[in-house]
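FYI, our numbering numbers position 119 of the sequence shown as 288, with every residue one higher than the one before it.
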Amino acid sequence: MSIPTSSDRSARPLVSIITPCLLGTPAQAALLDETLRTVSSQTCQDYEVILVDDGSPVPVAPVADAHLRTTTIIQANAGPAVARNVGIAQSRGRYLVFLDADDHLLPSALAAGIEALEANPDAGFAVGPREEMTFEGEPVPWDVPPPPSQSDIYLPLLRFDWYIIPPSSAMFRREAVESVGGFRDPWGADDLDFYLRVAHRYKAFCYQAPAVTRYRRYSTSSSRDGERMLRSIRAVYARQWPLVEGVPAAEEAFQHGLRMLTEIFLDCVVENIEDRLRSGDRTGALRSAGLLRLESPERWQALHGRCPEAAMLTGDLAEGR
170 MSIPTSSDRS ARPLVSIITP CLLGTPAQAA LLDETLRTVS SQTCQDYEVI
220 LVDDGSPVPV APVADAHLRT TTIIQANAGP AVARNVGIAQ SRGRYLVFLD
270 ADDHLLPSAL AAGIEALEAN PDAGFAVGPR EEMTFEGEPV PWDVPPPPSQ
320 SDIYLPLLRF DWYIIPPSSA MFRREAVESV GGFRDPWGAD DLDFYLRVAH
370 RYKAFCYQAP AVTRYRRYST SSSRDGERML RSIRAVYARQ WPLVEGVPAA
420 EEAFQHGLRM LTEIFLDCVV ENIEDRLRSG DRTGALRSAG LLRLESPERW
470 QALHGRCPEA AMLTGDLAEG R
């Protein structure tokens, strides 16, 4: 996967905000409208929004047309990585921000990122702190770890001590994004893969205030496909191994991060099994159960203890169904 051929960039805005969206319901369209309103409220108005409609069943144009400086690109569903690359190619800004369709930019977000990058010309990207909100949009006082203080954040990212959530926590120089070929892994951990590739090549400037974005936290991880994410995470880390092999501190960060992420997504697999059993998807539950029994026997046994329906899958697994 690569960034398509770039469009003409005459009369460039300073910042391009790239937002992929896949709207399945009117409620999601309302969240996108909220997101675009937070862009309109920026103290820096030298921006454009590239909204990439990734095959939405619900029309995006009525939402986009209500906001200035917003260009909509429509494509067949190809995943957020492809959508972001299409947005990069069509954008004209010197700096790039990747804003998810349900998150908010705080009013000084663009100004803070621009100031940080212009004051630190050796940094390929700038990262600021985030706030969090409930699904309903209410701010919540979660204990959110601040960005690291160092400029080399490759190892903290690799070790999963800290993570750029959401993507709009960061502002990137265009050349940094283009030099690594943009995003890849269209259906997996494309954001982590991208951050690691940029952070391995470029320094970051991390600042502790002001907060630049508000992340919409969902109450459950069961909507994530644990099996798919495990495959994607392992592929991302496999690509990093040649960069860290033989360097003890980097190898330790690699092993720690991979272990942490494996634990997170094995927990998702457990939730996936329970959800599929509740919905009557026995075939899907059986597939996930086979993975869980192989990867984490202790989780499999714990699931047996609290979910009789899961225990009933054991016979099918033994028979290789």
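Glycine included, every Cβ here is placed at the ideal spot set by N, Cα and C.
Whole-angstrom C-beta distance between residue j and residue i, which should lie under 8 Å
i, j, result
"Val413", "Ala404", "Contact doesn't hold; Cβ gap of about 16 Å is too wide."
"Val296", "Pro325", "Contact doesn't hold; Cβ gap of about 11 Å is too wide."
"Ala281", "Val381", "6 Å"
"Ala198", "Val232", "5 Å"
"Leu486", "Gly459", "6 Å"
"Leu192", "Val227", "4 Å"
"Cys476", "Glu432", "Rounded, the Cβ-Cβ distance is 20 Å, inconsistent with contact."
"Leu327", "Ala422", "4 Å"
"Glu300", "Arg383", "5 Å"
Straight-line Cα distance separating residue j from residue i
i, j, result
"Ser391", "Ala180", "Since pLDDT at Ser391 reaches only 42, below the 50 mark, its modelled position is unreliable, and the value read off the structure follows with that caveat. Between Ser391 and Ala180, the C-alpha separation is close to 45 Å."
"Pro411", "Pro310", "40 Å"
"Asp354", "Met398", "11 Å"
"Asp330", "Glu467", "25 Å"
"Ser277", "Val266", "13 Å"
"Leu430", "Val416", "21 Å"
"Pro379", "Pro290", "20 Å"
"Gly357", "Pro189", "15 Å"
"Gly256", "Gln409", "26 Å"
"Leu183", "Ala345", "15 Å"
"Ile172", "Tyr264", "16 Å"
"Arg393", "Tyr387", "11 Å"
"Pro298", "Glu478", "43 Å"
"Leu472", "Ala480", "8 Å"
"Leu482", "Gly395", "18 Å"
In DSSP terms, what residue i is bridged to
i, result
"Ile219", "Ile187 and Thr240"
"Pro308", "Met302"
"Cys375", "Val296"
"Arg125", "This structure does not reach residue 125, given that the chain is present from 170 up to 490, and the question cannot be answered."
"Leu265", "Ser185 and Phe341"
Neighbourhood of residue i by C-beta distance below 7 Å, restricted to the same chain and skipping five residues each side
i, result
"Arg385", "Asp271, Asp272, Met302 and Phe304"
"Asp359", "Pro249, Ala250, Phe352 and Arg353"
"Ala285", "Ala295, Phe374 and Tyr376"
"Lys372", "Asp291, Ala292, Gly293, Ser320 and Asp321"
"Thr241", "Leu220, Asp222, Val229, Ala230 and Ala233"
Chain-order list of residues whose beta-carbon lies under 6 Å from that of residue i (same chain, five-residue window excluded)
i, result
"Trp469", "Leu461 and Arg462"
"Leu268", "Ile186, Thr188 and Ser337"
"Asp202", "Val232"
"Leu205", "His236"
"Ser465", "Leu435"
"Ala252", "Pro189, Val221 and Asp223"
"Tyr323", "Ala368 and His369"
"Leu200", "Asp271"
"Ile402", "Ala358 and Leu430"
Min CB distance residue i to chain B below 8 Å
i, result
"Leu183", "Included in the structure is just one protein chain, with no chain B present."
Beta-carbon proximity list for residue i, same chain, < 8 Å, skipping 5 on both sides
i, result
"Gly453", "Asn441 and Arg445"
"Val349", "Phe363, Arg366, Val367 and Arg370"
The stretch 250-264 in contact with the stretch 207-220 per 3-pair CB rule at 8 Å: yes
Contact the stretch 437-449 vs the stretch 324-344: 3+ CB pairs below 8 Å: no
The stretch 238-246 contacting the stretch 219-228, beta-carbon criterion three pairs below 8 Å: yes
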